[in-house]
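Everything below concerns the one structure shown next.
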Amino acid sequence: MKKIIIFIVFFVSACGNSMPKFTPKRSELPEGYVGQNYSSEIEITNAILFKGNVGVIISPSGTGLKWRPKVTTLKVGGREREEEDYHYIIISGRPKLTGNILIHINGYSMGTAIPGNKIDKIYTIKIN
65 MKKIIIFIVF FVSACGNSMP KFTPKRSELP EGYVGQNYSS EIEITNAILF
115 KGNVGVIISP SGTGLKWRPK VTTLKVGGRE REEEDYHYII ISGRPKLTGN
165 ILIHINGYSM GTAIPGNKID KIYTIKIN
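In our numbering, the protein residues as written are 65 to 192.
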């Protein structure tokens, strides 16, 4: 009986913890250098994300960095199709300016058994 109660407690607590989780957990991404290629990946777990419910703002504008979701090529029945995965945000490019660049990820996750949650995370990239 104790095992069943413990299982129920863990199951209910797992279902109730629907806050999106970000990796890296800290608010800093790896440093970059002006004129050199830069690439970094942010992973968002514990959330259901689609193109329409997540956005990324890079500021200031004109830094030379862009964002995109991870793209996977799927092959089914001899046909290929590309699928965008917004659980992985890739920041890449060739920085043009020194200083700090802010990456603001915002939006909301979709809910299944419980409502989704707001996504709001800011990362800083130091460009030397």
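Even glycine gets a Cβ: it sits at the ideal position worked out from N, Cα and C.
All values derive from a computational prediction rather than experimental measurement.
Beta carbon of residue i, beta carbon of residue j: below 8 Å?
{"i": "ILE106", "j": "ILE169", "result": "yes"}
{"i": "LEU129", "j": "ILE165", "result": "yes"}
{"i": "ASP149", "j": "PRO159", "result": "no"}
{"i": "ASN181", "j": "THR162", "result": "no"}
{"i": "ILE189", "j": "ILE167", "result": "yes"}
{"i": "TYR187", "j": "LEU93", "result": "yes"}
Which residues does DSSP list as the beta-bridge partners of residue i?
{"i": "PRO133", "result": "ILE153"}
{"i": "VAL140", "result": "ARG143"}
{"i": "GLU92", "result": "THR188"}
Kindly indicate the opening and closing residues of the beta strand (DSSP E) around residue i.
{"i": "TYR187", "result": "182-191"}
{"i": "LYS85", "result": "85-87"}
{"i": "VAL118", "result": "118-123"}
What do you get for residue i, buried or exposed, if any count of 16 or more other CB atoms within 10 angstroms of its CB means buried?
{"i": "TYR97", "result": "exposed"}
{"i": "VAL120", "result": "buried"}
Apart from the five residues just before and just after residue i, which ones in its own chain have a Cβ nearer than 7 Å to its Cβ?
{"i": "GLY157", "result": "TYR102, GLY128, LEU129 and LYS130"}
{"i": "LYS185", "result": "PHE86 and ILE169"}
Starting from the C-beta of residue i, find all residues in its chain whose C-beta is less than 6 Å away, skip the five residues before and the five after it, and write them out in chain order.
{"i": "VAL118", "result": "TYR150 and GLY171"}
{"i": "GLU144", "result": "THR137"}
{"i": "THR87", "result": "GLU107"}
With a CB to CB cut of under 8 Å and the five nearest residues on each side skipped, what residues in its chain are close to residue i?
{"i": "VAL135", "result": "GLU146, GLU147, GLU148 and ASP149"}
{"i": "VAL73", "result": "The predicted model places VAL73 with a pLDDT of 43, which falls under 50 and marks its position as unreliable; any figure quoted below should be read in that light. Hits under 8 Å: none found."}
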